[in-house]
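K.L.:
Take a look at the following structure, please.
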Amino acid sequence: MRRQGLARYFRSGAIWGFIVLELIFFTVAGAFLSNSDTGFLDPGNMLLLLKQSAPLGIIALGMTVVMINGNIDLSVGAIFALCAVVMLDSMNWPILAGLGDWAIPFAWGLALLTGMGLGLVNGLIVWKTGVDAFIVTLGAMLGFRGLVFMYNGEQPTYHLNWTMVDIAEAGIFGLQTPVLVFAACILGVWLLMNKTVHGRNAYPVGDNREAAVNAGIRVGPHMVWNYVLIGFLTALSSITFYSASGSVNPNDGMLYELWIITAVVLGGTKLSGGRGSVIATVGGIIAIQLMRKGLGFIGADTAMVNLVIGSILVLVLFLDRQLNRKSKQDLRI
Amino acid sequence: MTDTTPALRLENIVKTFPGVRALDGVSFAVLPGEVHALLGENGAGKSTLMKVLGGVHQPDSGTIYIEEEPVVMTNPLEAKSKGVVFIHQELSLAEELSVAENVYLGELPRKRFGRVDWKRLHADTAAILDRLNCGFGPGAIVGELSIAKRQMVEIARALTVDAKAVIFDEPTASLTDAEKEVLFDIIRDLREQGVGIVYISHRMEEIFRISDRISVLRDGSHRGTLITAETGEDEVTRLMIGRSLDLSRNVARTAPGEVAFEVRGLSCEGLFEDVSFELRAGEVLGFYGLVGAGRTEIAETLFGLRTPRSGEIHLKGRAVTLHSPVDAIRHGISLVPESRKEQGLVLGMNCRDNITLPQVDDLTAGPFVSDGAEIAIFDQYRDRLDIKTPSWRQQVGNLSGGNQQKIVIGKWLAMRPDVLIVDEPTRGIDVGSKAEIHNLIRELAAHGYAVIVISSEMPEVLHVADRIVAMYHGRIMRTFTSDEVTEDSLVQAISGLGQDSAA
Amino acid sequence: MADVSASDGTALRSVGAFLGRHGIVVAFGLFMIGFALTNERFIDMDNILGVIRSSTILGVMALGVTFVVISGNLDLSVGSMMSFSTIVVLDLHERIGPELAIPLMFAMTMSLGALIGFLVGYLRLNSLIVTLGMLSAIHGLTLTYSGGQNMDIADQQATWFSVFGQGRVLGIPVPILMFVLLAVVLATLLAKTPFGRKVYAVGGNDVAATFSGIPRARVVFMTYIISSFCVATAGLIQASRSMGSQNTVGQGMELEVLAAVILGGASLMGGAGTVFKTVIGVLILGFIQNGLLLLGLEFYVQYVVTWIIIILAVWLDIAVKRGRLWSPIA
Chain A
27 MRRQGLARYF RSGAIWGFIV LELIFFTVAG AFLSNSDTGF LDPGNMLLLL
77 KQSAPLGIIA LGMTVVMING NIDLSVGAIF ALCAVVMLDS MNWPILAGLG
127 DWAIPFAWGL ALLTGMGLGL VNGLIVWKTG VDAFIVTLGA MLGFRGLVFM
177 YNGEQPTYHL NWTMVDIAEA GIFGLQTPVL VFAACILGVW LLMNKTVHGR
227 NAYPVGDNRE AAVNAGIRVG PHMVWNYVLI GFLTALSSIT FYSASGSVNP
277 NDGMLYELWI ITAVVLGGTK LSGGRGSVIA TVGGIIAIQL MRKGLGFIGA
327 DTAMVNLVIG SILVLVLFLD RQLNRKSKQD LRI
Chain B
60 MTDTTPALRL ENIVKTFPGV RALDGVSFAV LPGEVHALLG ENGAGKSTLM
110 KVLGGVHQPD SGTIYIEEEP VVMTNPLEAK SKGVVFIHQE LSLAEELSVA
160 ENVYLGELPR KRFGRVDWKR LHADTAAILD RLNCGFGPGA IVGELSIAKR
210 QMVEIARALT VDAKAVIFDE PTASLTDAEK EVLFDIIRDL REQGVGIVYI
260 SHRMEEIFRI SDRISVLRDG SHRGTLITAE TGEDEVTRLM IGRSLDLSRN
310 VARTAPGEVA FEVRGLSCEG LFEDVSFELR AGEVLGFYGL VGAGRTEIAE
360 TLFGLRTPRS GEIHLKGRAV TLHSPVDAIR HGISLVPESR KEQGLVLGMN
410 CRDNITLPQV DDLTAGPFVS DGAEIAIFDQ YRDRLDIKTP SWRQQVGNLS
460 GGNQQKIVIG KWLAMRPDVL IVDEPTRGID VGSKAEIHNL IRELAAHGYA
510 VIVISSEMPE VLHVADRIVA MYHGRIMRTF TSDEVTEDSL VQAISGLGQD
560 SAA
Chain C
80 MADVSASDGT ALRSVGAFLG RHGIVVAFGL FMIGFALTNE RFIDMDNILG
130 VIRSSTILGV MALGVTFVVI SGNLDLSVGS MMSFSTIVVL DLHERIGPEL
180 AIPLMFAMTM SLGALIGFLV GYLRLNSLIV TLGMLSAIHG LTLTYSGGQN
230 MDIADQQATW FSVFGQGRVL GIPVPILMFV LLAVVLATLL AKTPFGRKVY
280 AVGGNDVAAT FSGIPRARVV FMTYIISSFC VATAGLIQAS RSMGSQNTVG
330 QGMELEVLAA VILGGASLMG GAGTVFKTVI GVLILGFIQN GLLLLGLEFY
380 VQYVVTWIII ILAVWLDIAV KRGRLWSPIA
């Protein structure tokens, strides 16, 4: 029992320990290797890091919920792009264009509806057909990407509205809008998973689906709601990102799902469901973003970032396994 | 049993599936404050009956009454809300959640905006845990509790409603002896509180200890209800299988040959200590003990699946080291494992491929697997073991339990082992196949095989074994010859009461 | 007791029994006939060869992944591994010539496969995460190797290297011959040899396989070796076809490959699937793309069609097995 408790403690704390190590390493290494005048821990640098973590981070929160209840969503990258296309294109529609700046809330609303609608489609297919979520969302990843292309061909979609850019770049106390949205989402999803009946039910649904069914939890609708949630969060992420940039390429968001799943797994969420923490996922996202930024800071290129993050993922998996082994009582299988 | 209004009554329940009449007019009643055992072979209709009771299946005809009110139940939750609660054989708890959240799984108390009402949740749970006298609180994380304590959580769950009837489905399967006693105490408490209890188990001895009445199912119909105090195992067995089963001691023994297999001082960290025995060709050695006594772990070690800390294994006088099943098989050791479906068979593969799996490397013509050689082996063992399957192409997942077990045995006989280890050879299979498998084991010994039979059923070891090793807590307490063994001495030995005098 | 209470069970079963076994072939046939009726250019021999030729790279990779999936694992690293082998073989070609470049590239790619096989097979790490990590790591390795530059063969006339991608033997393009040859060899390996039987056993129930004396770890290891061999072959064809390459040439292909394998009926749970059906899955993807192009639709319409087809194919498979169309989950 004690070993398990220790492993549990290590797991929950490990990601923050890792972040501290990264900070120390890059601060020290940066002092020797970096050409920059400011240190790695410069507040401006850290705020920028938080801002850059926001788009992936917001989606990762939804992915955590979906993975805790035993599913996965590989289609978030495509949803991300499609929401942006809908948002930016809708502002060019005559009916919205005539509204001036009042078009903004409508465009945002449409994007959110798009994200939730796509999530709903995934969720309903997973529920009603019983096809594995991995396959359903793998298909959707292709299908939704196809929809992105069908919308506007291979052309980028753009619409620049300065008011929208201002909102997206605004900030309080130096915290910019994306950071604030991210923080609000963290709080919201944390409350959902720790304080509400729906959130608590996600754990038994992922841990032991049959038991959850027998206990009277409506597993199907539960999963659908979580897909709608991840669709919503993906749309929100898309809105915060593209309101500032005003232009989306049909290939945007590709491989996001892989980065996000990496972060969620680094945070300790179990692939097969039933275990995971929202806060640890935030740690996972920050750890990855730190790694990207830190390696850049000391002069390594993106190649090194990919190499290091991939290796760390495998290493974490290995350590987790070593810690959770019941050592000598295991069968040699 | 003063109140005569049954807590739960079934009347003429009929349920058919395409081609099968699973339940054929079953009627029985559970009185409040009664422990009513439900017995029957696999396939007798117990599980279908439970599914009907739990609202998983709807009966074709017939009525369920709770306190003489007819009810219709469409799902497990509805059954629970009407006072019929199940304690399942497999634990169904979420390990990451607290005890309280598990107890009220699916019905967490709510405040506004779908928030959990933690205060009420913990207060209610604490009240229930008090009733059960548990040694843990509502906030404990289930993943950190022992199996027995988890089972208590499961029982606590049953008490969240005003239970009229609680149904225990094989509750002792994974419990140690001490834990079992705690469970029986809880059952007695429930009985005193006027709850009607249905107790499903294969273990005759438990049923006679705990139950007031016994109902027997066979082939989907109700064969009778007996008052426990007025009946005996013979009568129950006869009702269950339709004839009396001769599980008398085996007398016709062949003279054992040379020592084929010898184990000296085998130990494995925390599982078993200082295990020594020898086995002769033509002999059946029974390993008897409680679940958790270390018998299966010894078998796994002898098959190269575990690393022993110390000890020697000698085959035909030669010391061998076993690093993996591959080694064990090469040295002529075979293991028919405890769990047929998880360890014995690849359920999605056909019968032939399962039987030839361990020797597929040798059944080749050039680089390819030889169809002819494989079918020849399949045919040989189908005939020898009387495996009932339409063709070798049948997926083993579609066979009955008895035929599946024969496939596993056939797989290892086909390897022509010197030492055959059989772990719980007849668990969960019907009586007919059981007798066949017992005969087969005796027959193998007569042909000169050295056989180890691990079993939790005393009649089984008494019936098939020449000598019986009694184990307790990872140690061999005593080795009996079939002449000197008595049921009493065997029970004492496996409970740790017998004297440590190795034969 | 199996749940057979659904009223639509029997009807669906009798139709489904056949479809369940040969559904993908039937679907493929119907699909081809449909396109052939709507567009006569579709069944033109040149067109068909063209489709197969453009499917070879995906197809060769799918052959290897079939082994991995049947043994109950995943390989998401094949896309970035293919980029790696393409870049490496082009670079080595310029330095040491094709004779040495090709075997060296195979050795390097297959050692990556061996690493994954070691992690998943011997250390028993989750294959999804390991190969996800390797996807990223190998991409980084490729970029480090190339310095982020595209690779080109400078003097394309002076080398026979183009034969793998552009050559023809008896009028048949060499890539197609390589694909067919590899498919036949691997199909035989999987269906006819003891090793193939072990792959199915490990995927069907790895515990029971171990209890039957099958070295699970070695079998899993070998499936990743086979997969990486196929990836190296695909990289060779890719490099030879274009005689130059970007670092991201294989990006995203891992999921298309997986789609083809699943379309062919391999189960993600392991234990089911065949090389032949994977080939059909690859061809379906290829012909969808081609048919839609001939209908005048853009390439991306195939994404949507593929999505629908994958879900329908897997759904049909599951529906037949459980004897009812809709999932019983409440």
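Residue numbers (our numbering), protein chains in the order written: chain A, 27 to 359; chain B, 60 to 562; chain C, 80 to 409.
Note that beta-carbon positions come from the ideal geometry of N, C-alpha and C, so glycine has one too.
Being a predicted model, the structure only gives us computed values, none of them experimental.
1. For residue 356 of chain C, go through chain B and note every residue whose CB falls closer than 8 Å to its CB, in chain order.
2. For residue 399 of chain B versus residue 463 of chain B, is the C-beta spacing smaller than 8 Å?
3. Label residue 205 of chain A either buried or exposed according to how many other C-beta atoms from any shown protein chain fall within 10 Å of its C-beta, with 16 as the threshold for buried.
4. Mind checking whether residue 289 of chain B and residue 373 of chain B have CB atoms under 8 Å apart?
5. Of all the residues that make up the segment 205-222 of chain C, which are near chain A by a beta-carbon distance shorter than 8 Å?
6. Strictly under 8 Å for the Cβ-Cβ distance: is residue 175 of chain B near chain A by that measure?
7. Could you check if residue 118 of chain A is buried or exposed, using at least 16 other CB atoms within 10 Å of its CB as the buried criterion?
8. Between residue 262 of chain C and chain E, is any beta-carbon pair separated by less than 8 Å?
9. Would you decide whether residue 298 of chain A is buried or exposed? Buried here means 16 or more other CB atoms lie within 10 Å of its CB.
10. Would you decide whether residue 433 of chain B is buried or exposed? Buried here means 16 or more other CB atoms lie within 10 Å of its CB.
11. Among all the DSSP beta bridges, which residues are the ones paired with residue 222 of chain A?
12. Along the beta strand (DSSP E) that carries residue 272 of chain B, what are the first and last residues, could you check?
13. Going by Cα to Cα distance, which pick from A/99, A/202 and A/183 is closest to residue 192 of chain A?
14. Which ranges would you report for the alpha helix (DSSP H) in the segment 382-427 of chain B if only whole runs of at least 4 residues count?
15. Counting only Cβ pairs nearer than 8 Å, list the residues of chain B close to residue 276 of chain C.
16. Cβ atoms of residue 509 of chain B and residue 340 of chain B: under 8 Å apart, would you say?
17. For a contact meaning CB atoms closer than 8 Å, what does residue 307 of chain A contact in chain C?
18. Using only alpha-carbon positions, find the residue among C/132, C/201 and C/136 that is nearest to residue 312 of chain C.
19. Beta-carbon within less than 7 Å of residue 32 of chain A's beta-carbon, same chain only, minus the 5 sequence neighbours each way: which residues are those?
20. Between C/333, C/284, C/292 and C/293, which lies nearest to residue 306 of chain C when the distance is taken from Cα to Cα?
21. Is the beta carbon of residue 83 of chain A closer than 8 Å to that of residue 208 of chain A?
22. Counting only runs that start and end within the segment 46-125 of chain A, where is the alpha helix (DSSP H) found for 4 or more residues in a row?
23. Beta-carbon of residue 388 of chain B versus every beta-carbon of chain C: anything under 8 Å?
24. Whose C-alpha, out of A/307, A/107, A/57 and A/46, is nearest the C-alpha of residue 262 of chain A?
25. So, does the CB of residue 300 of chain A fall closer than 8 Å to a CB anywhere in chain C?
26. Would you list, in chain order, the members of the segment 144-175 of chain A that have their beta-carbon closer than 7 Å to a beta-carbon of chain C?
27. Does the CB of residue 83 of chain C have a neighbour CB from chain B at under 8 Å?
28. Under the assumption that residue 262 of chain C contacts residue 116 of chain C (Cβ atoms under 8 Å), give the Cβ distance between them as a whole number of angstroms.
29. From which residue to which residue does the beta strand (DSSP E) around residue 321 of chain B run?
30. Drop a sphere of 10 angstroms on the beta-carbon of residue 129 of chain A, count the other beta-carbons inside from all chains shown, and report buried for 16 or more, exposed for fewer.
31. When the cut-off is 8 Å and only beta carbons count, does residue 95 of chain A lie next to chain B?
32. Spatial neighbours of residue 226 of chain B within its chain, please: CB distance less than 6 Å, with the 5 preceding and 5 following residues excluded, ordered by chain position.
33. Compare the C-beta of residue 402 of chain B with all C-beta atoms of chain C and state if any pair is closer than 8 Å.
34. If you draw a straight line from the alpha carbon of residue 137 of chain B to that of residue 131 of chain B, how long is it in whole angstroms?
35. Along the chain, which unbroken stretches of the beta strand (DSSP E) at least 3 residues long are found entirely within the segment 439-518 of chain B?
36. Report the neighbours of residue 135 of chain B on chain A: residues whose CB is nearer than 9 Å to its CB, in chain order.
P.N.:
From the atom records:
1. Here the premise fails: no neighbours, minimum Cβ distance about 16 Å.
2. yes
3. buried
4. no
5. 205, 207, 208, 209, 211, 212, 213, 214, 215, 216, 217, 218, 219, 220, 221 and 222
6. yes
7. exposed
8. Absence of chain E from the displayed structure is noted, the protein chains being A, B and C.
9. exposed
10. buried
11. B/174
12. 272-277
13. A/202
14. 384-389 and 410-415
15. 412, 416, 419 and 428
16. yes
17. Those within 8 Å of residue 307 of chain A in chain C number zero; the least Cβ separation is about 15 Å.
18. C/136
19. A caution first: residue 32 of chain A carries a pLDDT of 48, below 50, which makes its placement in the model too unreliable to give a value.
20. C/333
21. yes
22. 69-94, 102-116 and 120-123
23. yes
24. A/107
25. no
26. 151, 153, 154, 155, 156, 157, 158, 160, 161, 162, 164, 165, 166, 167, 168, 169, 171, 172, 173 and 175
27. Below a pLDDT of 50, predicted positions are generally treated as unreliable, and residue 83 of chain C, at 38, falls in that range; the measurement from the model is reported next regardless. Chain B contact via Cβ: present.
28. With a Cβ gap of about 28 Å, residue 262 of chain C and residue 116 of chain C do not count as contacting.
29. 318-327
30. buried
31. no
32. 145 and 257
33. yes
34. 9 Å
35. 478-482 and 509-514
36. 239, 240, 241 and 242
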